[in-house]
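Here is the structure we will look at.
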Amino acid sequence: MKQVRLGRTNLTVGRTGFGCIPIQRVSFDESTALLRKAYENGVTLFDTANAYTTSEERIGAALAGVRKNIVLATKSAPAPPEQLAANIENSLRMMKTDYIDIFQIHNPNKIHRPDGEDGIYDTLLKAKKEGKIRFISLSGHSAEVAAGAVETGLFDTLQYPLCSLSTEEELALIDLCKRRGVGVIAMKAMAGGLLSGAKAAFAFLAAYDNVVPIWGIQRMRELDEFLELEKNPPEMTDELRAAIENDKNTLGGSFCRACGYCMPCPEGIQISTSARITLLIRRMPSENFLSAEWKEYMDRIDNCRGCGRCAAKCPYGLNPPEMLRRQLKEYRRFV
Numbered sequence: 004m005k006q007v008r009l010g011r012t013n014l015t016v017g018r019t020g021f022g023c024i025p026i027q028r029v030s031f032d033e034s035t036a037l038l039r040k041a042y043e044n045g046v047t048l049f050d051t052a053n054a055y056t057t058s059e060e061r062i063g064a065a066l067a068g069v070r071k072n073i074v075l076a077t078k079s080a081p082a083p084p085e086q087l088a089a090n091i092e093n094s095l096r097m098m099k100t101d102y103i104d105i106f107q108i109h110n111p112n113k114i115h116r117p118d119g120e121d122g123i124y125d126t127l128l129k130a131k132k133e134g135k136i137r138f139i140s141l142s143g144h145s146a147e148v149a150a151g152a153v154e155t156g157l158f159d160t161l162q163y164p165l166c167s168l169s170t171e172e173e174l175a176l177i178d179l180c181k182r183r184g185v186g187v188i189a190m191k192a193m194a195g196g197l198l199s200g201a202k203a204a205f206a207f208l209a210a211y212d213n214v215v216p217i218w219g220i221q222r223m224r225e226l227d228e229f230l231e232l233e234k235n236p237p238e239m240t241d242e243l244r245a246a247i248e249n250d251k252n253t254l255g256g257s258f259c260r261a262c263g264y265c266m267p268c269p270e271g272i273q274i275s276t277s278a279r280i281t282l283l284i285r286r287m288p289s290e291n292f293l294s295a296e297w298k299e300y301m302d303r304i305d306n307c308r309g310c311g312r313c314a315a316k317c318p319y320g321l322n323p324p325e326m327l328r329r330q331l332k333e334y335r336r337f338v
């Protein structure tokens, strides 16, 4: 597998990274099989978070025996020093390791710095001095915070949503990171499942030699697809460019990335899926989304009181209530 250096960390990893959110959704045996096969075929970067329920535990169970050969990245939302330190300890225990290669402050609304009143960055510096983490990094959804963090020189890698639908402002982060020696980890490389094909998504990001996408993998066939793309990397053809342009024209910039920060909804609305459900129906097997269970979920949109909580928490500045109403109207044409 082609190798990519993560900036000044000098960590070298396989170009295909493994995003470990989805392994929560399958059985323990299935997740073990996925992680082991990925490793045996050259995947060496595994990204998770302490908030991903059993994800870290499953990584530890499957990969503890090959720890020295892999790079583990995990993350925590900004928290008081005591809680942040506890999160680090819990991640170490769950993943059966003495150290975390890349520890990321996840989705901060400001840039945390040494000697800050909140103590967040200093807590990470202490953990680094103690050998519990190797590199301090940032993961998030705000291009403004991401760019500012990279410019400070305080963060060794940046994880940010990057794909063929990304804006010029977002793609500029890749060049900025290269100039500043910051490694780039691309989350949501398939735009949360909205892109029409993995081949085009793979070819687009492969053009950036300092980017490691972490593909969210839940099924063996998905892993096999990305491993095959690594074995036979696709060239960016006119056909693939046309597919990317079609996705851009269809989705534009105002689509839900399914980051989930709008949740929970006081009315029980499944915002991060409901706000893009007809897009998913057109791009995935539709049966699940047309079930009685999902019809009930979509009917909850009628109960939206317009409280504004979801809009206030959306890192992309979207208007979820408006998107939900539009999706419900279109959804009812399918059922």
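According to this note's numbering, the sequence shown is numbered sequentially starting from 4.
Don't be surprised by glycine CBs; every beta carbon is placed ideally from N, CA and C.
- Counting C-beta pairs closer than 8 Å gives three or more between the stretch 253-267 and the stretch 303-322, which meets the contact rule.
- CA-to-CA, the gap between Phe138 and Ala295 works out to about 47 Å.
- Bounds of any alpha helix (DSSP H) do not take in Val69, whose DSSP letter is neither H nor E.
- Restricting attention to Ser167, Phe337, Asn13, Leu179, the CA atom closest to the CA of Phe205 is found in Ser167.
- Taking C-beta atoms as the reference points, Gly196 and Leu283 count as a pair closer than 8 Å.
- Exclusion of the five residues before and after Leu87 leaves Ser79, Ile123, Thr126 as the residues of its chain whose Cβ lies within less than 7 Å of its Cβ.
- When Cβ pairs closer than 8 Å are counted between the two stretches, the stretch 215-231 is seen to touch the stretch 20-31, the count reaching three or more.
- Within the stretch 122-196, the beta strand (DSSP E) runs of at least 3 residues that lie entirely inside it are, in chain order, 136-142, 160-164, 186-190.
- Look at Arg222 here: in three-state DSSP terms it is coil, with no helix or strand label.
- Bridge partners of Thr15 according to DSSP: Arg8.
- The Cβ-Cβ distance between Leu208 and Ala194 does not fall below 8 Å.
- In the displayed model, Ala206 falls within a helix according to three-state DSSP.
- In its chain, beyond the 5 residues on either side, Glu59, Glu60, Gly63 have a beta carbon closer than 7 Å to the beta carbon of Met97.
- With contacts defined by Cβ atoms closer than 8 Å, Asp50 and Ala76 form a contacting pair.
- If you draw a 10 Å sphere on the C-beta of Cys310, you find fewer than 16 other C-beta atoms in it, and that means exposed.
- Of the candidates Pro164, Thr160, Ser169, Ser289, Thr160 places its Cα closest to the Cα of Cys180.
- The residues Ser167, Ala203, in chain order, have a CB closer than 6 Å to that of Ile247 in the same chain once the five nearest residues on each side in sequence are set aside.
- Look at Phe258 here: in three-state DSSP terms it is coil, with no helix or strand label.
- Counting C-beta pairs with one atom in each stretch, the stretch 109-121 and the stretch 151-160 have three or more that are closer than 8 Å, which means they touch.
- The continuous alpha helix (DSSP H) containing Asp32 extends over residues 31-43.
- For Gln107, the uninterrupted beta strand (DSSP E) run begins and ends at 103-109, by DSSP.
- The beta carbon of Gly45 sits closer than 6 Å to those of Met4, Gly17, all from its chain and outside the five residues before and after it, given in chain order.
- Burial is judged here by how many other beta carbons sit within 10 angstroms of a residue's own beta carbon; Ser142 has at least 16 and is buried.
- When DSSP states are grouped into helix, strand and coil, Thr57 belongs to the coil group.
- For Phe49, no alpha helix (DSSP H) encloses it; the enclosing beta strand (DSSP E) starts and ends at 48-50.
- Between the alpha carbons of Leu293 and Pro267 lies a distance of about 22 Å.
- Put simply, of Gly156, Val29, Asn110 the residue whose alpha carbon is nearest the alpha carbon of Arg11 is Gly156.
- Beta-bridge partners of Val215 (DSSP): Ile188.
- Taking 8 Å as the cut-off, the Cβ atoms of Val214 and Ile274 do not count as close.
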